[in-house]
Amino acid sequence: MATNQVYANAQHIPLPVPSGTKSGDPVLVGALVGVAIIDREADGAATVWRDGAWNLTVTGEVTVIGAPVYIAAAGQGTRQTKLTVTAGSDVLFGYALATKGAADGVIPVAIAQV
40 MATNQVYANA QHIPLPVPSG TKSGDPVLVG ALVGVAIIDR EADGAATVWR DGAWNLTVTG
100 EVTVIGAPVY IAAAGQGTRQ TKLTVTAGSD VLFGYALATK GAADGVIPVA IAQV
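The C-terminal position of the sequence shown is numbered 153 in the working numbering, with every residue numbered one higher than the one before it.
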């Protein structure tokens, strides 16, 4: 039997997150996306859940359920972290589970399993 397993399920793990990360913030760590469950601790890490669906603020109009939602590749870890429906150079974060108008608004977003 293998004895080198670190996590039985790597969906809820501690990760090094940017300064200012608060519980409930969407985060990008390398190519991993998720939501911080706790504020960033003194060691620079927070527990990040990489699964599920979360009520998050998204910028831009969402016209169809299942539309991709992106996270900025830079400037993570602040309450101003934005999710957007515009791809640009951003990283896929998840998929919209509701529609909304063009103004910033909170909708449920399912985290992408990549």
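Ideal Cβ placement from N, Cα and C applies to all residues, glycine included.
- With respect to Ala75, Val56 sits close: the two C-beta atoms are nearer than 9 Å.
- Distance from the CA of Trp88 to the CA of Ile52, rounded to the nearest whole angstrom, comes to 7 Å.
- Rounded to whole angstroms, the Cβ separation of Tyr109 and Leu95 is 12 Å, and the two are not in contact under 8 Å.
- Around the C-beta of Gly99, 16 or more other C-beta atoms lie within 10 Å, and the residue is accordingly described as buried.
- Within the DSSP bridge table, the entry for Thr123 names Thr98 and Tyr109 as partners.
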